[in-house]
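Visitor: What follows is a single structure, and I will ask about it in a moment.
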Amino acid sequence: MRKYFNVCVMFFPLLFCQATEKKTVESAFLHAEKQTKYMLEEIDELEKQNGKELVSPRSIAEDGNLKMVVSRDWTSGFYPGVLWYLYEYTQNDFWKQKAVEFTSNIEREKWNATTHDMGFKIYCSFGNGLRLTKNAHYKDVIIESAATLVKRFNPNVGAIRSWDHNKDKWDFPVIIDNMMNLELLFEATKMTGDSTYYDVAVAHANTTLKNHFRKDNSSFHVISYDPETGEVEKRNTHQGYGHQSSWSRGQAWGLYGFTMCYRYTGNEAYLKQAEKIARFMLDHRNMPADLVPYWDYDAPGIPNEERDASAAAVMASALYEMGTYLGKRGELYAKSADKIISSLSTDYVSPIGENKGFILIHSTGAKPSNNEVDVPLIYADYYYLEALIRKDRLENQRPLTE
Ligand code: GLY
71 MRKYFNVCVM FFPLLFCQAT EKKTVESAFL HAEKQTKYML EEIDELEKQN GKELVSPRSI
131 AEDGNLKMVV SRDWTSGFYP GVLWYLYEYT QNDFWKQKAV EFTSNIEREK WNATTHDMGF
191 KIYCSFGNGL RLTKNAHYKD VIIESAATLV KRFNPNVGAI RSWDHNKDKW DFPVIIDNMM
251 NLELLFEATK MTGDSTYYDV AVAHANTTLK NHFRKDNSSF HVISYDPETG EVEKRNTHQG
311 YGHQSSWSRG QAWGLYGFTM CYRYTGNEAY LKQAEKIARF MLDHRNMPAD LVPYWDYDAP
371 GIPNEERDAS AAAVMASALY EMGTYLGKRG ELYAKSADKI ISSLSTDYVS PIGENKGFIL
431 IHSTGAKPSN NEVDVPLIYA DYYYLEALIR KDRLENQRPL TE
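Mapping to the numbering used here: the sequence shown position 105 is 175, numbers consecutive.
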């Protein structure tokens with residue numbers, strides 16, 4: 071496909087190339103629909119065996135079974151999100167009905183103040199649902215969730231606390247992933263006119279900008295603060311190779327997070343940081359030619375290390391958006407995103423009827439604990455579909471976000 075795309079760019083008229091690109095999105099969604107129908111059958115079967123409704127699929131367990139999670143798991147919102155994206159692209163009410171069903175299963179999370187993952191859970195599900203249906207109840211859920219999330223903000227630190235686990239290790243851990251939860255807060259201010267949510271999101275982004283990045287624009291995974299003074303106590307990793315290494319999905323969360331923060335604030339410092347992160351990744355000596363990174367840019371066994379398709383999918387989606395803010399220079403980033411999508415769509419898609427219905431294969435969750443290594447992960451599928459929709463919107467000259 072890559073070879074074909076390059077030839078296409080060099081020799082054929084623009085219209086032909088556009089038609090080919092449109093086909094990439096169309097055929098990817100056809101594949102995604104087939105796989106997701108198969109996954110729904112697998113979930114039905116499991117529910118019959120368990121005698122109860124299960125919430126959301128996350129991955130494939132070591133015994134080969136579909137790994138389902140409860141609503142408090144950080145990944146519970148992605149499957150409803152996948153169903154919403156299928157509805158958005160196909161406009162088929164079957165997908166809407168399924169999306170409504172799976173979204174309602176996680177509503178109770180709006181009261182769960184024990185985690186920072188509220189945005190992942192509620193915005194990917196209810197947020198997309200609200201955007202596509204204007205259902206007023208979804209709006210209430212989002213506002214309630216934002217009110218719950220800001221309870222984790224510490225003004226001394228200027229950030230939202232990420233985790234409550236590992237208290238012996240970290241006093242107040244903030245992980246780069248947490249940037250992704252800010253979208254929910256920005257939206258809550260737009261919905262209510264209450265600037266509290268916006269102010270918390272901006273403070274969190276500014277604190278992250280100040281403390282999470284190294285000179286080469288890569289980021290640490292976990293920064294732990296003194297909750298009284300706000301001083302940085304530790305610069306660590308949890309899912310990366312080492313404290314000084316660059317965990318691939320973490321870099322992608324940062325790129326996506328700062329691009330999204332620029333969308334809501336217009337703060338050029340956020341856009342500049344996003345571009346610096348993109349350059350770190352795209353120019354890295356260990357970035358493979360297909361632009362699907364190894365699980366950590368410093369993994370010791372490269373090139374014999376696992377890839378992380380989820381990091382690539384997050385990166386592609388973010389690059390499409392960032393590109394729209396950078397004028398002519400932005401086209402280069404859209405091209406990089408196209409390349410990622412082309413790689414994922416050819417070499418990282420599951421054969422139809424395999425892998426329990428996941429769309430992509432070859433993602434890595436947490437290599438240091440040997441957990442979810444080289445498996446399908448639901449968030450890879452979610453950001454892959456989001457990136458495809460963004461690609462489609464760009465090709466049809468429609469705004470990427472509404
Ligand atoms: N937020 C957890 C992860 O990216 O694995």
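The beta-carbon is built from N, C-alpha and C at its ideal position, and this holds for glycine as well.
What you are looking at is a predicted structure, and each value in this text was computed from that prediction instead of being measured.
Measuring alpha carbon to alpha carbon, tell me which of 101, 454, 201, 183 ends up nearest residue 217.
Guide: Mapped onto the sequence shown, residue 217 falls at position 147. Of the candidates 101, 454, 201, 183, the one whose C-alpha sits nearest the C-alpha of residue 217 is 183.
Visitor: For the beta strand (DSSP E) that residue 435 lies in, which residues bound it at each end?
Guide: What you label residue 435 is simply residue 365 of the sequence shown in a count that begins at 1. Element bounds for residue 435: 433-436.
Visitor: Counting by C-beta, which residues lie closer than 6 Å to a heavy atom of ligand 1, in chain order?
Guide: 144, 247, 309, 319, 435
Visitor: Return the chain-ordered ranges of every beta strand (DSSP E) run that is complete within the segment 262-303 and spans a minimum of 3 residues.
Guide: 292-295
Visitor: Compare the C-alpha of residue 277 against each of 239, 318, 328, 311 and name the closest.
Guide: Here residue 277 corresponds to residue number 207 of the sequence shown, with the count starting at 1. Nearest C-alpha to residue 277: 328.
Visitor: Quick one: what's residue 224 bridged to in DSSP?
Guide: Locating residue 224 in the sequence shown gives position 154, where the first residue counts as 1. Looking at the DSSP assignment, residue 224 forms a beta bridge with 229.
Visitor: How is residue 467 classed by DSSP in three states: helix, strand or coil?
Guide: Here the question's residue 467 lines up with position 397 in the sequence shown. In the structure shown, residue 467 sits in coil (DSSP, three-state: anything other than H, G, I, E or B).
Visitor: Looking at C-alpha atoms only, which residue of 400, 402, 408 is the closest neighbour of residue 384?
Guide: Here residue 384 refers to the residue found at position 314 when the sequence shown is read from its first residue. The shortest Cα separation from residue 384 among 400, 402, 408 belongs to 408.
Visitor: Locate the beta strand (DSSP E) running through residue 136, then write down its first and last residues.
Guide: Start at 1 with the first residue of the sequence shown, and residue 136 comes out as number 66. Looking at the DSSP string, the run of the beta strand (DSSP E) that includes residue 136 is 136-139.
Visitor: How many angstroms separate the CA atom of residue 333 from the CA atom of residue 339?
Guide: Locating residue 333 in the sequence shown gives position 263, counting from the first residue. Locating residue 339 in the sequence shown gives position 269, counting from the first residue. Each residue's CA atom was taken as its position, placing residue 333 and residue 339 some 12 Å apart.
Visitor: If the criterion is Cβ atoms closer than 9 Å, does the pair residue 272 and residue 337 meet it?
Guide: Reading the sequence shown from its first residue, position 202 is the one you call residue 272. Reading the sequence shown from its first residue, position 267 is the one you call residue 337. Yes, they are a contact pair.
Visitor: Using a threshold of 9 Å, state whether the C-beta atoms of residue 146 and residue 125 are closer than that.
Guide: The residue labelled residue 146 in the question sits at position 76 within the sequence shown. The residue labelled residue 125 in the question sits at position 55 within the sequence shown. Contact: yes.
Visitor: Could you spell out the range, first to last residue, of the beta strand (DSSP E) harbouring residue 444?
Guide: Translated into the one-based positions of the sequence shown, residue 444 becomes position 374. Unbroken beta strand (DSSP E) run through residue 444: 441-445.
Visitor: What's the call for residue 414, buried or exposed, on a 16-neighbour Cβ count within 10 Å?
Guide: Along the sequence shown, one-based indexing puts residue 414 at 344. With 16 or more Cβ atoms within 10 Å of its Cβ, residue 414 is classed as buried.
Visitor: Would the segment 280-287 count as touching the segment 361-378 if we require 3 or more Cβ pairs under 8 Å?
Guide: Touching, no.
Visitor: How many whole angstroms separate the CB atoms of residue 105 and residue 420, which I take to be in contact at a CB cut-off of 8 Å?
Guide: As a working note, residue 105 is residue 35 in the sequence shown. As a working note, residue 420 is residue 350 in the sequence shown. Confirmed, Cβ separation roughly 6 Å.
Visitor: At a cut-off of 8 Å, is residue 132 close to ligand 2 when judged by its beta-carbon and the heavy atoms of the ligand?
Guide: Although ligand 2 was asked about, the structure shown includes only ligand 1 as ligands.
Visitor: In whole angstroms, what is the alpha-carbon distance linking residue 270 and residue 180?
Guide: One-based indexing of the sequence shown puts residue 270 at position 200. One-based indexing of the sequence shown puts residue 180 at position 110. Distance from the CA of residue 270 to the CA of residue 180, rounded to the nearest whole angstrom, comes to 18 Å.
Visitor: Span of the beta strand (DSSP E) holding residue 245?
Guide: If you number the sequence shown from 1, residue 245 lands on position 175. Bounds of the beta strand (DSSP E) holding residue 245 are 243-245.
Visitor: Spatial neighbours of residue 306 within its chain, please: CB distance less than 6 Å, with the 5 preceding and 5 following residues excluded, ordered by chain position.
Guide: By 1-based counting over the sequence shown, the position of residue 306 is 236. If you ignore the 5 residues before and after residue 306, its C-beta comes within less than 6 Å of the C-beta of 292, 313, all in its own chain and listed in chain order.
Visitor: Could you give the distance in angstroms between the alpha-carbon of residue 374 and the alpha-carbon of residue 253?
Guide: Along the sequence shown, one-based indexing puts residue 374 at 304. Along the sequence shown, one-based indexing puts residue 253 at 183. If I take the Cα positions, the gap works out to 36 Å.
Visitor: Can you list, in chain order, the residues of its chain whose CB lies under 6 Å from that of residue 410, leaving out five sequence neighbours each side?
Guide: The sequence position of residue 410 within the sequence shown is 340, counting from 1. Correct list, in chain order: 361, 382, 386.
Visitor: Helix, strand or coil for residue 181, going by three-state DSSP, please let me know.
Guide: As a working mapping, residue 181 is identified with position 111 in the sequence shown. Helix, per DSSP.
Visitor: In three-state terms, what does DSSP make of residue 126?
Guide: Residue mapping note: residue 126 aligns to position 56 of the sequence shown, counting from 1. It is a strand residue.
Visitor: DSSP three-state call for residue 366: helix, strand or coil?
Guide: Translated into positions along the sequence shown, residue 366 becomes position 296. Here residue 366 sits in strand by DSSP.
Visitor: In three-state DSSP terms, what is residue 374?
Guide: Position 304 of the sequence shown holds residue 374. Coil, per DSSP.
Visitor: In terms of residue numbering, what span does the alpha helix (DSSP H) encompassing residue 206 cover?
Guide: Working through the sequence shown from its first residue, we reach residue 206 at position 136. Unbroken alpha helix (DSSP H) run through residue 206: 206-219.
Visitor: Does DSSP classify residue 77 as helix, strand or coil?
Guide: Position 7 of the sequence shown, counting from 1, holds the residue named residue 77. Note that residue 77 scores 42 on pLDDT, short of 50, meaning its location in the model is unreliable and no value can be drawn from it.
Visitor: If contacts are defined as beta-carbon pairs under 8 Å, then residue 426 and residue 136 qualify, I think. What distance do you get, rounded to the angstrom?
Guide: Residue mapping note: residue 426 aligns to position 356 of the sequence shown, counting from 1. Residue mapping note: residue 136 aligns to position 66 of the sequence shown, counting from 1. The Cβ separation is near 4 Å, so the contact holds.
Visitor: Pick helix, strand or coil for residue 110, following the three-state DSSP scheme.
Guide: The sequence position of residue 110 within the sequence shown is 40, counting from 1. Note: residue 110 maps to helix in three-state DSSP.
Visitor: Is the Cβ-Cβ distance between residue 436 and residue 308 less than 9 Å?
Guide: Position 366 of the sequence shown holds residue 436. Position 238 of the sequence shown holds residue 308. Yes. Within cutoff.
Visitor: Please state whether DSSP places residue 430 in a helix, a strand or coil.
Guide: On the sequence shown, residue 430 is found 360 positions in, with the first residue counted as 1. Three-state DSSP puts residue 430 in a strand.
Visitor: Please classify residue 144: does DSSP put it in a helix, a strand, or coil?
Guide: On the sequence shown, position 74 is the one that residue 144 refers to. In the structure shown, residue 144 sits in coil (DSSP, three-state: anything other than H, G, I, E or B).
Visitor: Could you compute how far the alpha carbon of residue 431 sits from the alpha carbon of residue 444?
Guide: Position 361 of the sequence shown, counted from the first residue, corresponds to residue 431. Position 374 of the sequence shown, counted from the first residue, corresponds to residue 444. Whole-angstrom Cα-Cα distance: 7 Å.
Visitor: Mapping the DSSP letters down to three states, classify residue 317 as helix, strand or coil.
Guide: On the sequence shown, position 247 is the one that residue 317 refers to. Correct three-state label for residue 317: strand.
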